[in-house]
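Structure, as structure tokens:
There are 2 protein chains.
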Amino acid sequence: MKIKTLVASLIIACGAFTATAQEIAFGAQREGWMRKAEECKPQLKETIVKPKAIVRSVADEAAFQGWRMEQAEPIEALYSSSLKERNTVILDLGDHYTGYFTMKLNHTGMPADAPIRLRLTFGEVPAELNTPFDPYPGGLSRAWLQDEVVQVMRLPEEVKVQRRLACRYVKIEVLATSYFDFRIEDVTFRAITSAHGEAPALAEGTDPMIQKINEIGLKTLAECMQTVYEDGPKRDQRLWIGDLYLEALANAVSYKNHELTKRCLYLLAGMADEEGFLHATVYELPTPMPQINQHTMDYSLLYGVALLEYFKETGDRTTAEELWPVVKYQIDYARTYLKDNIYDVEKQPQYWLVFDWKDDLNRHTPIQGLMTFAIDKSYELATLLGREKEVADWPKLLKDMRKASREAFYDKKRGVMVSGPDSQVSYLSQVWMILSGTLSAKEGARALEYVLSDNSTCYPGSPYAYHYVIEAMMQCGMQERARELLLDYWGGMIKKGADTFWEVYDPNDDKKSPYQFFPINSYCHAWSCTPVYFIYKYPETFQR
Amino acid sequence: MKIKTLVASLIIACGAFTATAQEIAFGAQREGWMRKAEECKPQLKETIVKPKAIVRSVADEAAFQGWRMEQAEPIEALYSSSLKERNTVILDLGDHYTGYFTMKLNHTGMPADAPIRLRLTFGEVPAELNTPFDPYPGGLSRAWLQDEVVQVMRLPEEVKVQRRLACRYVKIEVLATSYFDFRIEDVTFRAITSAHGEAPALAEGTDPMIQKINEIGLKTLAECMQTVYEDGPKRDQRLWIGDLYLEALANAVSYKNHELTKRCLYLLAGMADEEGFLHATVYELPTPMPQINQHTMDYSLLYGVALLEYFKETGDRTTAEELWPVVKYQIDYARTYLKDNIYDVEKQPQYWLVFDWKDDLNRHTPIQGLMTFAIDKSYELATLLGREKEVADWPKLLKDMRKASREAFYDKKRGVMVSGPDSQVSYLSQVWMILSGTLSAKEGARALEYVLSDNSTCYPGSPYAYHYVIEAMMQCGMQERARELLLDYWGGMIKKGADTFWEVYDPNDDKKSPYQFFPINSYCHAWSCTPVYFIYKYPETFQR
Chain S
1181 MKIKTLVASL IIACGAFTAT AQEIAFGAQR EGWMRKAEEC KPQLKETIVK PKAIVRSVAD
1241 EAAFQGWRME QAEPIEALYS SSLKERNTVI LDLGDHYTGY FTMKLNHTGM PADAPIRLRL
1301 TFGEVPAELN TPFDPYPGGL SRAWLQDEVV QVMRLPEEVK VQRRLACRYV KIEVLATSYF
1361 DFRIEDVTFR AITSAHGEAP ALAEGTDPMI QKINEIGLKT LAECMQTVYE DGPKRDQRLW
1421 IGDLYLEALA NAVSYKNHEL TKRCLYLLAG MADEEGFLHA TVYELPTPMP QINQHTMDYS
1481 LLYGVALLEY FKETGDRTTA EELWPVVKYQ IDYARTYLKD NIYDVEKQPQ YWLVFDWKDD
1541 LNRHTPIQGL MTFAIDKSYE LATLLGREKE VADWPKLLKD MRKASREAFY DKKRGVMVSG
1601 PDSQVSYLSQ VWMILSGTLS AKEGARALEY VLSDNSTCYP GSPYAYHYVI EAMMQCGMQE
1661 RARELLLDYW GGMIKKGADT FWEVYDPNDD KKSPYQFFPI NSYCHAWSCT PVYFIYKYPE
1721 TFQR
Chain P
1181 MKIKTLVASL IIACGAFTAT AQEIAFGAQR EGWMRKAEEC KPQLKETIVK PKAIVRSVAD
1241 EAAFQGWRME QAEPIEALYS SSLKERNTVI LDLGDHYTGY FTMKLNHTGM PADAPIRLRL
1301 TFGEVPAELN TPFDPYPGGL SRAWLQDEVV QVMRLPEEVK VQRRLACRYV KIEVLATSYF
1361 DFRIEDVTFR AITSAHGEAP ALAEGTDPMI QKINEIGLKT LAECMQTVYE DGPKRDQRLW
1421 IGDLYLEALA NAVSYKNHEL TKRCLYLLAG MADEEGFLHA TVYELPTPMP QINQHTMDYS
1481 LLYGVALLEY FKETGDRTTA EELWPVVKYQ IDYARTYLKD NIYDVEKQPQ YWLVFDWKDD
1541 LNRHTPIQGL MTFAIDKSYE LATLLGREKE VADWPKLLKD MRKASREAFY DKKRGVMVSG
1601 PDSQVSYLSQ VWMILSGTLS AKEGARALEY VLSDNSTCYP GSPYAYHYVI EAMMQCGMQE
1661 RARELLLDYW GGMIKKGADT FWEVYDPNDD KKSPYQFFPI NSYCHAWSCT PVYFIYKYPE
1721 TFQR
């Protein structure tokens, strides 16, 4: 994209705001930020993938979501036989990929006297190809499901699916044909990623399951690394602050493609709302624009933590200096939600607090903890930049918040943090009070042991939440527990056949979905890649 | 297309044949013929069409096929309202067009957080949009039906339907969406035809219904005039000899785009089978190729008649000279089917005899008549080219065939020609015996009056067949009958709302279909355009 277009895009992006140019926070700088984001846009690396085999779906109660694939025929059989006769065929690319599908079709014998109508369905997991999509019972747009109806008007023809896909399996169904016979001459999947370079090798003797977890984590990360850190290449295909934070952590210890992190930080900053509050998610295409009015307080606060980690990894002071005001604004704004040093979850406008795919999680204690954590980390950034005078009151604020938290939420008798009117005990309340430094390592360990041993606690519903659980365990000296959890949780996905890590994973419910329909779940989801981060960051725990 | 590609195509086209280059009839000339066809390829003329109104489907037993459209809202309402809220909308282009559809979509307010899934259905007639396509009960490929499922990944986006369409109505249904709202900003239909120039004005005072028939006929012809004379722009979209013959007749008296006729004659000749027998149909795309093994004896014989008419119209002796051997071969080959001067319908291989969409029509007498007619006309061509010596035995053959026909098929008592073991009396048996000169004008008139007044005769099922009925009437001095029939039959379609003339029309059965499903019928079909020919050719009968 050329600069001119970018500026135009920015004007479009900002056009939705009501403020005039003068009133927009970081006004003049935004254009430069958007330009920098554009300059950091990575080249996509292409790999040509050929399907490895013809497979068949086998219903199997023991398999993940009730279905597995087994090899039916070598791939050569596809090219040498009639597609019309087969009517339906499932191809296995051999692994999960993100990219573009093309297929060459030709008639055999008499020319095509009529069009062919095909349905192509692309599945990340076997059950996606074996669960009717309609009538669609799910939340989110059904259009994310990767089924395409294609007309092939004449033969030979190269059939191209326009949209980018994320899949391992391709089901081809012949919906309509005529007198002539035809076959597939070639299938190509052009896989793309912006991840380049190699992640470091793990220490010799590393547990094979951890090796496997690392490999799948790296694959998951790479597929989500496109021209931004996407949340998932199948579904939502976009930059969210929370996913960015975790992806950047994993990237920093593996591919080290720091330019992508920089790009994402600038994109988000360049498209903050008119006051300076970050949008939880922004789009790149067709022109960069934010999802207006979509703010999540936890994600906004994590932006500063992501910038801190980026700066510590790269020493890129220019970026950190330029974006520092954005970090400061998130905290200044969040502070307007404090009442007696406690985050007021009733204050209007209320913001979405992501934290986890878990409707019943009470988020009061978690947001109080996360906010404290974010201010703490952002203060560290201020210090590194020599700007601590600008935020001279933050140390006292941190102290006051921690004190208020302990008074409001700490059940000293049981040694756990509670949350909300029903004093809910959840993993995440402990986790965020640990990460925020509100609980000491010893108290944190006690609190975590409590929730681990009490079946009634609200447990995490997503790999995103489990990331913070492991981080909290590491901080409390619970290295063995952390290792066990990583092996159990992410190893559990591998045992169930994961090629990439999933957006949602509940060991007790394969079909769990925050959208009431499991095929719409993303099965290659960035926020699930963080074992990579732990394995490299804490080799003494994980590389053995 | 460049010559090189053309030659390659020809090799491909011929590749299906078993003969070697030396054995192929007209061998060396074919390449030149294909080149000439390419040189005559017309430029397509584009017209930008905007939809005229939002309409609604109204079930109405009195309407053609049970449905009519009524205006619901002005078209401006489409652009100023939410498509998401409407969910379904039908647009009226105001007339039938052939071409390409594009539509601009944009979000209103919050950006699109997810793809949209749409179904677009394009209808030539109202009932097409009101008859479920699936499960598909019809013959021919269901893929001809013009419904497309489209994913719109991001907004704003221009949605383009790749395939060429033929329609008046466009139904847009929202199958899946998400939180954001969106609307259509613009709809464009890029209509194409190769017809250029204006048909002559009709005489003042011409009957208004005849004027209307002429207008609709010209429209039908123009839409079928693409880079070949197509049979129908919705369904089959290709050159057939029979359609070419009638389209060329109508073109010769109206648009006079003789280059297109020339192109089609060369294309067919260049792709005859290795012996020289014409294929009934050939394809232009992706590279020119014949429909191998698809021969129809009646169509092959009509090729010479089409060449004769072309030559008489244009005086283009070069073309007529070059293609004369092709004409001669069709007759020489057909003669191998004669047994005692009667076409042997049992002889192998048996060829499809088109004649009409009428399964119960016995085709023995019709093919005998058509063959006689074709030899007669081809002899006229030979004479004009001074080549009558090459076919010196044809006059005697004609005489013998007519004599044999009268002996075999003429029921002198009733004054009708009969056909087949059950002595079927059909319109077409009379018609072809008249056109062949086997029956005199007087006998012909008597025979036609007989079938017109006898309800048990096998009557025509298609406008294609009715063309020959009218021609036969004109030849027998039945001008008033011909005028009545034209007004009744084609006027009947207009009274039922035709924007273009239909492939199939039975006044007594709106849903008649040779394919067991009326929506797959073509509602703009070349072989129905011939009132244009009659109206200009016989002004004393039709231009009053």
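Sequence order for the protein chains is S and P.
Quick note: to get the numbering used here, add 1180 to the position in the first sequence (first position is 1).
Quick note: to get the numbering used here, add 1180 to the position in the second sequence (first position is 1).
Just so it is clear, CB atoms sit at the ideal spot from N, CA and C, and this is done for glycine as well.
Since we're looking at a predicted model, the values are computed, not measured.
Identity of the residue in the options nearest residue i by Cα
| i | options | result |
| --- | --- | --- |
| Arg1465(P) | Glu1218(P), Pro1719(P), Tyr1716(P) | Looking at the sequence itself, residue 1465(P) is Leu, so the reference to Arg does not match. Of the listed residues, the one whose Cα sits closest to Leu1465(P) is Glu1218(P). |
| Arg1370(P) | Ala1381(P), Arg1348(P), Tyr1509(P), Phe1362(P) | Arg1348(P) |
| Pro1231(S) | Arg1344(S), Arg1210(S), Val1350(S) | Val1350(S) |
| Lys1225(P) | Gly1495(P), Thr1407(P), Tyr1523(P) | Thr1407(P) |
| Tyr1644(P) | Lys1221(P), Ala1375(P), Val1507(P), Asp1536(P) | Asp1536(P) |
| Thr1278(P) | Glu1265(P), Ala1375(P), Lys1508(P), Leu1355(P) | Ala1375(P) |
| Ala1257(P) | His1287(P), Ile1204(P), Ile1364(P), Thr1368(P) | Ile1364(P) |
| Met1249(P) | Ala1307(P), Phe1553(P), Ala1346(P) | Ala1307(P) |
| Lys1221(S) | Arg1443(S), Ser1620(S), Gln1548(S), Tyr1490(S) | Arg1443(S) |
| Glu1623(P) | Ser1636(P), Arg1594(P), Ser1642(P), Asn1635(P) | Arg1594(P) |
| Asp1272(S) | Arg1266(S), Pro1254(S), Thr1721(S), Gly1207(S) | Pro1254(S) |
| Gln1548(P) | Arg1582(P), Lys1508(P), Leu1447(P) | Arg1582(P) |
| Glu1660(P) | Gln1696(P), Thr1721(P), His1705(P), Ser1702(P) | Thr1721(P) |
| Thr1498(P) | Glu1265(P), Tyr1646(P), Leu1561(P) | Leu1561(P) |
| Val1238(P) | Gln1326(P), Leu1309(P), Leu1619(P), Gln1696(P) | Leu1309(P) |
Buried versus exposed, by CB contacts within 10 Å (16 or more), residue i
| i | result |
| --- | --- |
| Arg1236(S) | exposed |
| Thr1400(P) | buried |
| Pro1388(S) | exposed |
| Asp1416(S) | buried |
| Ile1191(P) | At Ile1191(P), the pLDDT of 41 sits below 50, so the modelled position is not reliable; the number obtained from the coordinates is stated separately. Its Cβ having fewer than 16 others within 10 Å, Ile1191(P) is exposed. |
| Glu1651(S) | buried |
| Ser1599(P) | buried |
| Lys1576(S) | exposed |
| Tyr1669(S) | buried |
| Glu1378(P) | exposed |
| Asp1556(S) | buried |
Pair within 9 Å by beta-carbon distance, residue i and residue j
| i | j | result |
| --- | --- | --- |
| Glu1403(P) | Asp1423(P) | no |
| Trp1324(S) | Ile1700(S) | yes |
| Ser1321(P) | Ile1296(S) | yes |
| Val1341(S) | Asp1275(S) | no |
| Leu1132(P) | Phe1362(P) | No answer is possible for residue 1132(P): the residues shown for chain P start at 1181 and end at 1724. |
| Leu1565(P) | Trp1504(P) | yes |
| Leu1285(P) | Pro1336(P) | yes |
| Leu1426(S) | Thr1461(S) | no |
| Ser1434(S) | Leu1458(S) | no |
| Val1712(S) | Asn1394(S) | yes |
| Cys1638(S) | Leu1541(S) | yes |
| Tyr1517(S) | Met1469(S) | no |
| Val1605(S) | Asp1634(S) | yes |
C-beta neighbour in chain B for residue i, strict 9 Å
| i | result |
| --- | --- |
| Arg1724(P) | Given the protein chain composition of this structure (S and P), no chain B is represented. |
Quiz item: Any residues in the stretch 1467-1482 of chain S with a beta carbon nearer than 7 Å to a beta carbon of chain P? Which ones, in chain order?
Solution: Flagged, chain order: Met1469, Gln1471, Ile1472, Asn1473.
Quiz prompt | Residues of the stretch 1281-1297 of chain P whose Cβ lies closer than 7 Å to any Cβ of chain S, in chain order | solution = So the list reads Met1290, Pro1291, Asp1293, Ala1294, Pro1295, Ile1296, Arg1297, given in the order they occur along the chain.
Exercise. Kindly provide the ranges of any beta strand (DSSP E) runs that are 3 or more residues long and lie completely inside the stretch 1275-1337 of chain S, ordered along the chain.
Key: Here the runs fully enclosed are 1296-1303, 1327-1332.
Practice problem: Ignoring anything shorter than 4 residues or poking outside the stretch 1439-1502 of chain P, list the alpha helix (DSSP H) runs there in chain order. | Solution: Counting only runs of 4 or more, we get 1477-1494.
Practice problem: Give, in chain order, every residue of the stretch 1355-1385 of chain P whose Cβ lies closer than 8 Å to some Cβ of chain S. | Solution: Flagged, chain order: Leu1355, Ala1356, Thr1357, Ser1358.
Practice problem: At 4 residues or longer, and completely inside the stretch 1619-1675 of chain S: list those alpha helix (DSSP H) runs for me, N to C. | Solution: Here the runs fully enclosed are 1621-1633, 1643-1655, 1659-1675.
Quiz item: What residue ranges within the stretch 1236-1279 of chain P form continuous beta strand (DSSP E) runs of no fewer than 3 residues, ordered along the chain?
Solution: Listed in chain order, the beta strand (DSSP E) runs fully inside the stretch 1236-1279 of chain P are 1247-1254, counting runs of at least 3 residues.
Self-check item: Contained alpha helix (DSSP H) runs [length at least 4] in the stretch 1523-1581 of chain S, N- to C-terminal order
Solution: If we require 4 residues or more, the alpha helix (DSSP H) runs fully inside the stretch 1523-1581 of chain S come out as 1544-1564.
Practice problem: Closer than 9 Å, Cβ to Cβ, to anything on chain S: give me those residues from the stretch 1527-1544 of chain P, in chain order. | Solution: Hits within the stretch: zero.
Self-check item: Interface residues of the stretch 1388-1411 of chain S facing chain P [CB-CB below 8 Å]
Solution: Among the residues of the stretch 1388-1411 of chain S, none has a Cβ less than 8 Å away from any Cβ of chain P.
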